[in-house]
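Trainee:
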Amino acid sequence: MGPLDKLERKFGKHPITHLTMFMIATYVTGYILELIGSASGVSIISLLGFHPGLIARGQVWRIISWLLIPPDYSFNIWSILMIFCIYQQGTMLERIWGDFKYDFYIFNGLILTLIAGFIAYAIRPGDFMVGMYLFSTYYVSLSVFLGLALTFPDMEFRFMFLIPIRAKYLVILYAITLIYSLISYRSVVVGAMIIASVVNMVLFFWLYKKGPRLNRSQRRTRDNYRRTMYGQGRGQKVDRTTFGNQNSGYNQAGRGSAKQMQGYGAGKNTNGKRPLHRCAVCGRTELDDPNLEFRYCSKCNGAYEYCQDHLYNHEHVK
Numbered sequence: 113m114g115p116l117d118k119l120e121r122k123f124g125k126h127p128i129t130h131l132t133m134f135m136i137a138t139y140v141t142g143y144i145l146e147l148i149g150s151a152s153g154v155s156i157i158s159l160l161g162f163h164p165g166l167i168a169r170g171q172v173w174r175i176i177s178w179l180l181i182p183p184d185y186s187f188n189i190w191s192i193l194m195i196f197c198i199y200q201q202g203t204m205l206e207r208i209w210g211d212f213k214y215d216f217y218i219f220n221g222l223i224l225t226l227i228a229g230f231i232a233y234a235i236r237p238g239d240f241m242v243g244m245y246l247f248s249t250y251y252v253s254l255s256v257f258l259g260l261a262l263t264f265p266d267m268e269f270r271f272m273f274l275i276p277i278r279a280k281y282l283v284i285l286y287a288i289t290l291i292y293s294l295i296s297y298r299s300v301v302v303g304a305m306i307i308a309s310v311v312n313m314v315l316f317f318w319l320y321k322k323g324p325r326l327n328r329s330q331r332r333t334r335d336n337y338r339r340t341m342y343g344q345g346r347g348q349k350v351d352r353t354t355f356g357n358q359n360s361g362y363n364q365a366g367r368g369s370a371k372q373m374q375g376y377g378a379g380k381n382t383n384g385k386r387p388l389h390r391c392a393v394c395g396r397t398e399l400d401d402p403n404l405e406f407r408y409c410s411k412c413n414g415a416y417e418y419c420q421d422h423l424y425n426h427e428h429v430k
């Protein structure tokens, strides 16, 4: 079990669901406040921006109110498209990662951005005279796309809505854009937000993709599953390409014999219940651990299901 899974077991009983919708609600609120301020001649956004100097003078609401500043300061057609993309990609990550991991990813990015803002003010306070308006959730919002791209690097996106390009190449393009932003802005504020976003992504994927080690019981379950499904013993490479034919231990209807199904439990008493989910790596089912989550891998060629510990730690079937 990885570090994030341990945190989820301990603190993930009541995660924030539909966090992407809350993010979009803050953006929409920020745009409405901007339009009201433009119509009334009062800069409402300036009262919400993050500024450590003003926070030290008593305007403590700025620690949270900066979240209302939208990633794109001016409201236009690109803002609508950006919100649509964030909604689409964010909800997809919520389904793939689960609510707790997605919440961790977003909130950790916001906290790191906030800490980076205080550090940037300590280094060069003068940058916040203008940088207060640049300090927003822009790079945290972009990290939603990066999270999806790093999870599925071979996923195809439509660059400029026309050109098909794989996600891994868009990540390279995004890295070039970050370097350009650092050079063009020459602002400690922008640099702090970029570094915080990168640190958040590196930390999250290091924790998330850190391969869990199987204990003795789990290894026994895996070996039993492989022998039953593929007729292969311990230490042999599993050939999953025979899934569904006669050589796989299943008949052509895709159903195993009663003797085969009895061999899946790894010695645990299932009270005669037939599991609905089974990890193709370790062989665990929801009967072994009712808290396990199972998902199908979109990159495997076939209907292969994996537990939460091996969804991103397995060899893809081509």
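Residue numbers (our numbering): 113 to 430.
Think of the CB as a built atom: it goes at the ideal place given N, C-alpha and C, for glycine as much as any other residue.
Per the DSSP calculation, L276 is bridged to which residue(s)?
Mentor: As a working mapping, residue 276 is identified with position 164 in the sequence shown. Going by the sequence as given, residue 276 is Pro instead of Leu. Under the DSSP definition of a beta bridge, P276 partners with R270.
Trainee: Taking buried to mean at least 16 other C-beta atoms within 10 Å of its own C-beta, is G170 buried or exposed?
Mentor: In the sequence shown, counting from the first residue as 1, residue 170 sits at position 58. Exposed, because fewer than 16 other Cβ atoms sit within 10 Å of the Cβ of G170.
Trainee: Which residues in the same chain have their Cβ closer than 7 Å to the Cβ of H422, if we skip the five residues on either side of it in sequence?
Mentor: As a first step, residue 422 is located in the sequence shown; it is residue number 310 there, counting from the start. So the qualifying residues of the chain are C391, V393, C394.
Trainee: Quick one: what does DSSP say F230 is sitting in, helix, strand or coil?
Mentor: The residue labelled residue 230 in the question sits at position 118 within the sequence shown. DSSP places F230 within a helical segment (H, G or I) once states are collapsed to three.
Trainee: Mind checking H426: buried by the 16 CB within 10 Å criterion, or exposed?
Mentor: The sequence position of residue 426 within the sequence shown is 314, counting from 1. By the 10 Å Cβ count, H426 comes out buried.
Trainee: How should Y281 be labelled, buried or exposed, when 16 other C-beta atoms within 10 angstroms of its C-beta is the threshold for buried?
Mentor: In the sequence shown, residue 281 corresponds to position 169, counting from 1. Flag for Y281 reads exposed.
Trainee: Using the three-state DSSP reduction, which class does T354 fall into: helix, strand or coil?
Mentor: Here residue 354 corresponds to residue number 242 of the sequence shown, with the count starting at 1. Residue placement at T354 is poorly supported in this model, since its pLDDT is 38, which falls under 50; the coordinates are not used for a value here.
Trainee: Check R207 in the structure and name its three-state DSSP category.
Mentor: Reading the sequence shown from its first residue, position 95 is the one you call residue 207. Residue state, collapsed to three classes: helix.
Trainee: With DSSP run on the structure shown, which of helix, strand or coil describes M397?
Mentor: In the sequence shown, counting from the first residue as 1, residue 397 sits at position 285. The sequence shown places Thr at residue 397, rather than the Met named in the question. Of the three classes helix, strand and coil, the one that applies to T397 here is strand, per DSSP.
Trainee: Return the chain-ordered list of same chain residues with a C-beta closer than 8 Å to the C-beta of F264, the five sequence neighbours on each side being excluded.
Mentor: The residue given as residue 264 occupies position 152 in the sequence shown. Excluding sequence neighbours, F264 sits near A279, S410, K411.
Trainee: Since Y418 and L116 should fall inside the 8 Å C-beta cutoff, what is the C-beta to C-beta distance between them, to a whole number of angstroms?
Mentor: Locating residue 418 in the sequence shown gives position 306, counting from the first residue. Locating residue 116 in the sequence shown gives position 4, counting from the first residue. Not quite, the Cβ-Cβ distance comes to about 16 Å (not below 8 Å), so this is no contact.
Trainee: Pull up the DSSP beta-bridge partners for C419, would you.
Mentor: Here the question's residue 419 lines up with position 307 in the sequence shown. C419 pairs with F406.
Trainee: With a threshold of 8 Å, are at least 3 pairs of Cβ atoms found where one atom belongs to the segment 115-135 and the other to the segment 198-215?
Mentor: The segment 115-135, when compared against the segment 198-215, does touch it at the 8 Å Cβ threshold.
Trainee: With 16 other CB atoms within 10 Å as the buried threshold, where does T289 fall?
Mentor: Mapped onto the sequence shown, residue 289 falls at position 177. T289 is exposed by the Cβ-count criterion.
Trainee: Do L205 and L260 have their beta-carbon atoms positioned less than 8 Å apart in this structure?
Mentor: The sequence position of residue 260 within the sequence shown is 148, counting from 1. The sequence position of residue 205 within the sequence shown is 93, counting from 1. Taking 8 Å as the Cβ cut-off, L260 and L205 qualify as a contacting pair.
Trainee: Go ahead and label K213 buried or exposed: buried means 16 or more other beta carbons lie within 10 angstroms of its beta carbon, across all protein chains shown.
Mentor: Taking the sequence shown and counting its residues from 1, one reaches residue 213 at position 101. Burial call: buried.
Trainee: Bridge partners for R390 per DSSP, in chain order?
Mentor: Sequence index remark: in the sequence shown, residue 390 carries index 278 (1-based). In the DSSP assignment, the residues bridged to R390 are T397.
Trainee: Who are the Cβ neighbours of S177 in its own chain at under 6 Å, not counting the five residues just before and after it?
Mentor: Residue mapping note: residue 177 aligns to position 65 of the sequence shown, counting from 1. These residues qualify, in order along the chain: L160.
Trainee: Measuring alpha carbon to alpha carbon, tell me which residue in S253, F247, I295, A415 is nearest H163.
Mentor: By 1-based counting over the sequence shown, the position of residue 163 is 51. Nearest of S253, F247, I295, A415 to H163, Cα basis: F247.
Trainee: Could you give the DSSP three-state label for N220: helix, strand or coil?
Mentor: Position 108 of the sequence shown, counting from 1, holds the residue named residue 220. Three-state result, N220: helix.
Trainee: Could you pull out every residue in the same chain whose Cβ sits closer than 7 Å to the Cβ of S155, ignoring the five residues on either side in sequence?
Mentor: Residue mapping note: residue 155 aligns to position 43 of the sequence shown, counting from 1. Within the same chain, S155 has close Cβ partners G149.
Trainee: Name the residue from P182, S309, V311, F219 whose alpha carbon lies nearest to the alpha carbon of A137.
Mentor: Position 25 of the sequence shown holds residue 137. Of the candidates P182, S309, V311, F219, the one whose C-alpha sits nearest the C-alpha of A137 is P182.
Trainee: Closest to S253 by CA distance: which of D239, M267, F219, P276 is it?
Mentor: Indexing the sequence shown from 1 puts residue 253 at position 141. That would be F219, whose Cα lies nearest to the Cα of S253.
Trainee: Hey, would you say E405 sits closer than 8 Å to G153, going by beta carbons?
Mentor: Against the sequence shown, residue 405 aligns to sequence position 293. Against the sequence shown, residue 153 aligns to sequence position 41. Pairing E405 with G153 gives a Cβ-Cβ distance that is not under 8 Å.
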